[in-house]
Amino acid sequence: MDKDIIVAEDEDVKIIFHFKVFCELLKECMSIYGNTTIENAQQLVKNFHPLQQPISTTDDIVFFSHENIYHWAMLALYGETYWLIHPECEKLPDSYEKWVENALSRHSLDDCYEFMSKNNNVTNKA
């Protein structure tokens, strides 16, 4: 999928998914915490099955938002149940929260997802 931003909405919520940033952070996360090259990470993201599926509904975006970047990166790098094969990846690295905060701030974002309620105009970050 080659989109910068994906917007989906239903009767209750509008969600903006900063898809390109999400993919960039996946690559960076894999290279930092998965000890792989950025070139390999780029290929893994390009071929990562969940990202090849249509992402067009709020449910599609929520599917991604329910896990952190680290989880998706390790899943793309090592596959299903990666934490069993690579138990060192089971827990978030101590530096992860600071890294993701800095990585998002480089893109002037707090998160890859913006949730906007249609009922009371409240904006929530994932």
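Every number in the working numbering is 34 more than the matching position in the sequence shown, counting from 1. For glycine and all other residues, C-beta sits at the position ideal for the given N, C-alpha and C.
In chain order, what residues of the same chain lie with their CB nearer than 6 Å to the CB of residue i, ignoring the 5 residues before and after it?
i, result
"His141", "Val55"
Pull up the distance between the alpha-carbon of residue i and that of residue j, whole angstroms please.
i, j, result
"Asp128", "Ser151", "33 Å"
"Asn69", "Cys123", "11 Å"
"Ser61", "Ser90", "It is Lys, not Ser, that sits at residue 61 in the sequence shown. Near 22 Å, if we compare the C-alpha coordinates of Ser90 and Lys61."
"Gln76", "Val47", "32 Å"
"Ser139", "Phe149", "18 Å"
"Lys132", "Lys125", "15 Å"
"Phe82", "Leu143", "24 Å"
"Gln87", "Phe97", "12 Å"
"Lys80", "Asn74", "10 Å"
"Pro84", "Glu114", "12 Å"
Name the one or two DSSP bridge partners that residue i has.
i, result
"Val41", "Ile50"
For residue i, collect the residues of the same chain with a Cβ closer than 7 Å to its Cβ; drop the 5 residues on either side in sequence, then sort them by chain order.
i, result
"Asn108", "According to the sequence displayed, residue 108 carries Met and not Asn. The answer, listed in chain order, is Gly68, Tyr116 and Cys123."
"Cys63", "Ile103, Tyr104 and Ala107"
"Asp38", "Phe53 and Lys54"
"Leu162", "Look at the range of the chain in this structure, 35 to 160, and you will see that residue 162 is not part of it."
"Ile72", "Lys61 and Ser65"
"His120", "Tyr112"
Hey, residue i and residue j: beta-carbon distance below 9 Å or not?
i, j, result
"Tyr147", "Ile103", "no"
"Ile66", "Phe53", "no"
"Glu58", "Ile49", "no"
So what's residue i in DSSP terms, helix, strand or just coil?
i, result
"Lys61", "helix"
"Phe56", "helix"
"Asp145", "coil"
"His83", "helix"
"Asp93", "helix"
Enumerate in chain order the residues of its own chain whose CB-to-CB distance from residue i is below 8 Å, with the five nearest sequence positions on each side excluded.
i, result
"Glu45", "Lys152"
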